[in-house]
């Protein structure tokens with residue numbers, strides 16, 4: 007659990023980068039053998055790209071670093087429960103384990119709305135939910151409160 011907290015804090019740092027850039031503050035880090043090999047944060051507004059989610063950016067960087075689309079020895083830490091697109095990418099990349107902070111009641115596809123990992127796909131990642139849930143949720147709450155005030 008200590009390792010999960012350490013890496014979730016790194017994902018939170020990525021989320022803070024997103025917030026500073028005016029993006030929804032979601033961050034992700036991809037870990038292999040106890041070391042961060044890739045980082046990502048939301049860049050949808052900056053890139054005007056629907057696919058620029060934190061998880062997809064980290065997965066893509068990890069694939070390039072390992073020169074493989076298979077991330078079966080990797081763990082993905084993300085501050086918000088993955089959406090259906092990201093959950094699908096996690097399955098396709100064969101990510102070993104997903105660790106996330108806050109549930110996403112509107113789009114979460116690992117537990118909240120549906121659990122795509124429960125379907126009979128060819129890969130089923132392990133999941134740990136609620137790691138640093140409060141700070142992961144708080145950064146999102148603060149971001150949207152400020153956005154509504156504008």
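Residue numbers (the numbering used here): 7 to 156. Virtual Cβ for every residue (Gly too), placed ideally from N, Cα, C.
Could you tell me whether the stretch 75 to 88 touches the stretch 30 to 40, where touching means 3 or more Cβ pairs closer than 8 Å?
yes
When the Cβ atoms of the stretch 115 to 122 are set against those of the stretch 145 to 154, are three or more pairs found closer than 8 Å?
Because the criterion of three Cβ pairs below 8 Å is not met, the stretch 115 to 122 and the stretch 145 to 154 do not touch.
Any heavy atom of the ligand GDP within a distance shorter than 8 Å of the CB on residue 41?
In the structure shown, the ligand GDP is absent, as is every other ligand, since no ligand is present at all.
Would you mind giving the Cβ-Cβ distance between residue 87 and residue 114, rounded to the nearest angstrom? I have them listed as a contact below 8 Å.
In the chain shown, the residue the question calls residue 87 occupies position 81. In the chain shown, the residue the question calls residue 114 occupies position 108. The Cβ separation is near 4 Å, so the contact holds.
Would residue 125 be called buried (16 or more neighbouring beta carbons within 10 Å of its own) or exposed?
Numbered from 1 along the chain shown, position 119 holds the residue referred to as residue 125. Flag for residue 125 reads exposed.
Between which two residues does the beta strand (DSSP E) carrying residue 41 extend?
Locating residue 41 in the chain shown gives position 35, counting from the first residue. Residues 41 to 47.
I'd like to know whether the C-beta atoms of residue 103 and residue 131 end up nearer to each other than 9 Å.
For the purposes of this step, residue 103 is taken as residue 97 along the chain shown, with counting starting at 1. For the purposes of this step, residue 131 is taken as residue 125 along the chain shown, with counting starting at 1. Yes, the Cβ-Cβ distance between residue 103 and residue 131 is below 9 Å.
Where residue 54 falls: helix, strand or coil (DSSP):
Numbered from 1 along the chain shown, position 48 holds the residue referred to as residue 54. Coil, per DSSP.
List the DSSP bridge partners of residue 9.
Along the chain shown, one-based indexing puts residue 9 at 3. Answer is none; residue 9 lacks a bridge partner.
Going by other Cβ atoms of all chains shown within 10 Å of its Cβ, with 16 needed for buried, is residue 111 buried or exposed?
The count along the chain shown starts at 1 and reaches residue 111 at position 105. Exposed: under 16 other Cβ atoms inside 10 Å.
Quick check: the Cα distance between residue 59 and residue 47, rounded to an integer number of angstroms?
By one-based count along the chain shown, residue 59 stands at place 53. By one-based count along the chain shown, residue 47 stands at place 41. The alpha-carbon atoms of residue 59 and residue 47 are separated by roughly 7 Å.
Please tell me whether residue 123 and residue 93 are closer than 9 Å, where the distance is taken between their beta carbons.
Stepping through the chain shown from its first residue, residue 123 is reached at position 117. Stepping through the chain shown from its first residue, residue 93 is reached at position 87. Yes, Cβ-Cβ distance for residue 123 and residue 93 is below 9 Å.
Which runs of the beta strand (DSSP E) at least 3 residues long sit entirely within the stretch 100 to 131? Give them in chain order.
Qualifying beta strand (DSSP E) stretches, in chain order: 103 to 108.
For residue 28, three-class secondary structure by DSSP:
Counting from one through the chain shown, the residue named residue 28 turns up at place 22. Residue 28: coil per DSSP, three-state reduction.
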